[in-house]
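All remarks here apply to the structure that follows.
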Amino acid sequence: MPEQPAQAPGAMPYQQAQAPAFMPGQPPQPGQWPAPGGPYEPEDDGRPRRGAGRVFGGVLCGGLGLVLLLGGGAVVAQAVSNSHQEIRNKEYARNLWRNEPAETLFPAALGMQDPEKRQGDPNTERGWTRVAISPETSCAKALSGAVAKEAARRGCVAALRATYVDDTGGTAATIAIVVFRDPKVALDLGDLVHDKGDADRPDQAVHALAVPGITWSDAVRAGSGGDSVMDVYTPCAVVASAGPADGRKTGRLPRPWGVRSEDQRIDRKPWSAVAEGLATSLAWRLADLTSKGGA
Numbered sequence: 008m009p010e011q012p013a014q015a016p017g018a019m020p021y022q023q024a025q026a027p028a029f030m031p032g033q034p035p036q037p038g039q040w041p042a043p044g045g046p047y048e049p050e051d052d053g054r055p056r057r058g059a060g061r062v063f064g065g066v067l068c069g070g071l072g073l074v075l076l077l078g079g080g081a082v083v084a085q086a087v088s089n090s091h092q093e094i095r096n097k098e099y100a101r102n103l104w105r106n107e108p109a110e111t112l113f114p115a116a117l118g119m120q121d122p123e124k125r126q127g128d129p130n131t132e133r134g135w136t137r138v139a140i141s142p143e144t145s146c147a148k149a150l151s152g153a154v155a156k157e158a159a160r161r162g163c164v165a166a167l168r169a170t171y172v173d174d175t176g177g178t179a180a181t182i183a184i185v186v187f188r189d190p191k192v193a194l195d196l197g198d199l200v201h202d203k204g205d206a207d208r209p210d211q212a213v214h215a216l217a218v219p220g221i222t223w224s225d226a227v228r229a230g231s232g233g234d235s236v237m238d239v240y241t242p243c244a245v246v247a248s249a250g251p252a253d254g255r256k257t258g259r260l261p262r263p264w265g266v267r268s269e270d271q272r273i274d275r276k277p278w279s280a281v282a283e284g285l286a287t288s289l290a291w292r293l294a295d296l297t298s299k300g301g302a
């Protein structure tokens with residue numbers, strides 16, 4: 008036998024270290040490792056392992072939560088959008104002439120707007136200056152001729168008038184806002200004014216509202232025009248009559264200039280165009296006013 012190595016005095020007898028026992032198929036005990044090349048099995052800590060069903064359920068719950076989150080965001084976005092909506096007040100539009108002061112219905116300046124005007128800028132209309140507003144609202148006192156008869160037949164409720172003078176001071180015009188109960192009956196009132204304007208001796212649509220300082224009366228009215236307020240809830244039409252502010256009477260040209268009736272109509276056409284333009288300008292303004300107010 009080989010010789011044992013020498014031991015120090017008092018030391019325990021030397022024993023050769025042996026490798027811990029490891030049986031295949033059994034998990035190693037604490038402090039044990041499998042033999043090199045042997046199968047490795049994870050240590051069982053007593054907690055249940057996650058199966059495929061649990062993983063699928065977690066993914067499903069996560070997806071459902073994401074869907075609910077997106078749906079809630081959409082509901083909040085819709086609520087915010089609805090909070091900024093403007094809902095039209097139909098009663099306000101139907102009674103525009105009562106709900107707005109006369110100075111708003113008939114602006115201080117009327118006519119063409121600055122083509123460079125930006126949205127939201129102050130009113131920059133030019134061409135005509137308001138010089139009078141009638142306190143009367145009677146349809147019979149405001150309208151004349153065939154237009155007065157037709158307006159009464161359709162159930163005219165009120166007619167408001169104002170007189171304007173152009174910037175040169177040479178032309179005057181009285182504009183009337185004609186109010187009905189039904190918006191449909193106001194749509195073609197302007198067409199009636201056009202038809203009567205082509206007659207040899209037309210009867211004008213609006214009684215002149217006199218103003219101190221200018222010679223403006225029914226006798227000098229030379230042309231009329233009209234238009235409707237393009238809003239489905241506003242039962243209004245606008246008609247106007249215009250003529251010289253110095254008392255001159257048109258359409259009575261002497262010979263040889265006034266031989267034919269066509270010559271007399273030609274002399275009146277500029278005034279008809281003026282009245283038509285004013286009626287259209289005010290009608291568009293009222294349509295814009297009624298679409299913004301009363302929300």
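Residues in the sequence shown are numbered consecutively from 8, following the working numbering. C-beta: ideal position from N, C-alpha, C; glycine also. This one's a predicted model, so the numbers in the text were calculated from it and none came from an experiment.
- [ ] Give the range of the alpha helix (DSSP H) segment to which A158 is assigned.
- [x] G152 to R160
Task: Candidates D195, P242, L117 and A212, of which the one nearest R228 by Cα - done: A212
Task: Separation of L285 from R101, as counted between CA atoms - done: 22 angstroms
TODO: Identify whether A252 lies in helix, strand or coil by the three-state DSSP scheme.
DONE: coil
- [ ] Identify the continuous alpha helix (DSSP H) that holds R259 and give its terminal residues.
- [x] It is not in any alpha helix (DSSP H) - R259 carries neither H nor E in the DSSP assignment.
TODO: Provide the residue span of the alpha helix (DSSP H) that contains A147, from first to last.
DONE: C146 to A149
TODO: Return the chain-ordered list of same chain residues with a C-beta closer than 8 angstroms to the C-beta of E143, the five sequence neighbours on each side being excluded.
DONE: A149 and R168
Open item on the list: On the CB-based measure, 16 or more other CB atoms within 10 Å of its CB, does R160 come out buried or exposed?
Closed with: exposed
Open item on the list: On the DSSP bridge list, what partners appear for V185?
Closed with: A166 and A244
- [ ] Report back the beta-carbon spacing between D184 and C243 to the nearest angstrom; my notes put them in contact at under 8 angstroms.
- [x] Contrary to the premise, residue 184 reads as Ile rather than Asp in this sequence. Correct: roughly 6 angstroms between the Cβ atoms.
TODO: Could you tell me the distance, in whole angstroms, from the CA atom of A302 to the CA atom of W264?
DONE: Residue confidence for A302 is low, a pLDDT of 43 falling below 50, so the modelled location carries little weight; the figure read from the coordinates is stated next. Roughly 56 angstroms between the two C-alpha positions.
- [ ] Compute the distance between the beta-carbons of A294 and V236, then report whether it is under 8 angstroms.
- [x] yes
Task: For G134, the three-state DSSP class (helix, strand or coil) - done: strand
Task: Close Cβ partners of A115 (< 6 angstroms) along its chain, the five nearest in sequence each way excluded - done: R137
Task: For T297, three-class secondary structure by DSSP - done: helix
- [ ] Could you tell me the distance, in whole angstroms, from the CA atom of A193 to the CA atom of A139?
- [x] 25 angstroms
Open item on the list: Can you tell me whether S90 is helix, strand or coil according to DSSP?
Closed with: Any reading at S90 is ruled out, since the residue's pLDDT is 48, under 50, leaving its predicted position unreliable.
Task: Inter-residue spacing [alpha-carbon to alpha-carbon] between A217 and D234 - done: 23 angstroms
Task: 6 angstroms Cβ shell around R292 - same chain, five flanking residues per side excluded - done: none
- [ ] Check the C-beta distance from A282 over to A247 and give it rounded, since I have them as a contact under 8 angstroms.
- [x] 4 angstroms
TODO: Apply the 10 Å Cβ neighbour rule to A215 and answer buried if 16 or more other Cβ atoms are within range, or exposed otherwise.
DONE: buried
Open item on the list: Relative to the C-alpha of P190, which candidate in P108, R262, D238 and S298 has its C-alpha closest?
Closed with: D238
Task: Check whether A249 and T178 have beta carbons under 8 angstroms apart - done: yes
- [ ] In the DSSP assignment, find the unbroken alpha helix (DSSP H) run with A109 in it and report its ends.
- [x] A109 to L112
Open item on the list: By the three-class DSSP mapping on this structure, what secondary structure does G284 have?
Closed with: helix
Task: Distance between beta carbons of V186 and W104, contact taken as under 8 angstroms - done: 5 angstroms
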